[in-house]
Amino acid sequence: MTGSTYLDTILAFHRSRTENDLRSLNELLELVPKVSSRGFSDRLKQESSLSVIAEIKRQSPSKGILRADLDPSSLAQEYEASGAACISVLTDTEHFSGSEADLRLVRKAVNLPILRKDFTVDPRDICDAKIMGADCVLLIVSALERSELIELHELAINLGIDALVETHDEREIEIALGIGAKLIGVNQRDLKTFQVDQTRAIRVAEEIPQGIVKVAESGIKNPKDAKALADAGYDAVLIGEALVISENPRQIIKELKEL
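The numbering of the sequence shown is my numbering, which starts it at 5 and goes up by one.
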């Protein structure tokens with residue numbers, strides 16, 4: 005890409021859409037269901053082995069269509085039957101070909117906790133996530149000002165929904181810890197170039213203290229990759245592309261669960 009990065013382009017789109025969103029936050033808060041979430045973070049802590057967060061993902065900005073015929077419901081059921089702990093659903097339409105409808109379908113199809121994987125930039129995004137049935141939202145440190153992170157993290161907690169605070173390096177981990185994050189992800193994909201560094205999560209693992217649920221994201225393709233992350237202290241791995249393009253995602257998850 006020239007000029008702006010992938011992240012710049014995606015965030016500009018989401019912030020522009022937010023500016024044109026005329027809905028009142030107070031009115032939206034009234035629509036948020038009072039039901040308890042399925043406990044995304046708790047589920048990861050309960051697993052005796054490395055937890056797998058399996059992702060529903062049709063497209064990538066850098067690689068294009070991954071699986072055009074993806075059926076969210078049937079794939080989610082396959083993930084659940086294979087032993088996945090949680091499911092991640094892309095709801096970004098313009099860049100990942102996801103949708104809120106995909107998440108709602110997954111919510112009906114399985115009993116597992118669900119992460120709404122999207123670019124959260126506004127309190128109304130948190131409300132929308134809870135309304136559509138998500139149990140966790142994604143907060144990307146590199147996409148938000150510290151004040152925004154604090155506001156969005158506190159709102160998620162108040163609404164009874166978990167927040168996976170995504171980091172990429174030591175500085176961002178320090179920021180995540182500073183806002184009180186108890187569920188921290190380390191994304192091995194550089195969101196500016198979309199290149200993956202499969203050693204990133206291992207290098208920074210020691211920066212995340214005991215008691216914090218640790219999730220490694222991106223670049224995990226096989227049991228060898230996952231074992232290295234488990235040995236480094238990660239509680240879970242989030243896997244999307246490798247499962248979506250596989251003819252046998254069930255086998256991949258089962259192999260990971262045997263670590």
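Backbone N, C-alpha and C define an ideal beta-carbon position, used for all residues, glycine too.
None of these values were measured; they are calculated from a predicted model.
DSSP places Ile179 in the uninterrupted alpha helix (DSSP H) bounded by 174-182.
By DSSP's assignment, Val39 forms no beta bridge with any residue. With at least 16 other beta carbons inside 10 angstroms of its own, Asn191 counts as buried.
By the Cβ-count criterion, Gly223 is buried, with 16 or more other Cβ atoms from all chains shown falling within 10 Å of its own Cβ. Rounded to whole angstroms, Glu158 and Thr13 show a C-alpha spacing of 27 Å. Under the three-state reduction of DSSP output, Arg254 falls in the helix class. The Cβ atoms of Leu181 and Met136 lie no closer than 8 Å to each other. Contact between Cys140 and Leu168 holds, since their C-beta atoms are separated by about 6 Å, short of 8 Å.
In the three-state reduction of the DSSP assignment, Leu143 falls in the strand class. In the three-state reduction of the DSSP assignment, Glu158 falls in the helix class. In the three-state scheme derived from DSSP, where H, G and I count as helix and E and B as strand, Glu211 is classed as helix. In this structure, Leu156 lies near Pro127, with their beta-carbon atoms less than 8 Å apart.
Burial state of Asp166 is buried, judged by a 10 Å Cβ sphere holding 16 or more other Cβ atoms.
The C-beta of Asp129 has 16 or more other C-beta atoms within 10 Å across all chains shown, which makes the residue buried. Here Ala209 has Ala236, Gly237 as same chain residues with Cβ atoms under 6 Å from its own Cβ, once five neighbours each way along the sequence are excluded. When the five nearest sequence neighbours on each side are left out, the beta carbons in the same chain lying within less than 7 Å of the beta carbon of Arg111 are those of Ile118, Gly137, in order along the chain.
Apart from the 5 residues on each side of it in sequence, His99 sits with its Cβ closer than 7 Å to the Cβ of Ile14, Pro65 in its chain, given in chain order. Looking at Asp46, Leu29, Glu259, Arg62, the one whose alpha-carbon comes closest to that of Glu245 is Arg62. In this structure, Arg47 is the residue among Leu32, Arg47, Phe17, Asp73 with its C-alpha nearest to the C-alpha of Glu84.
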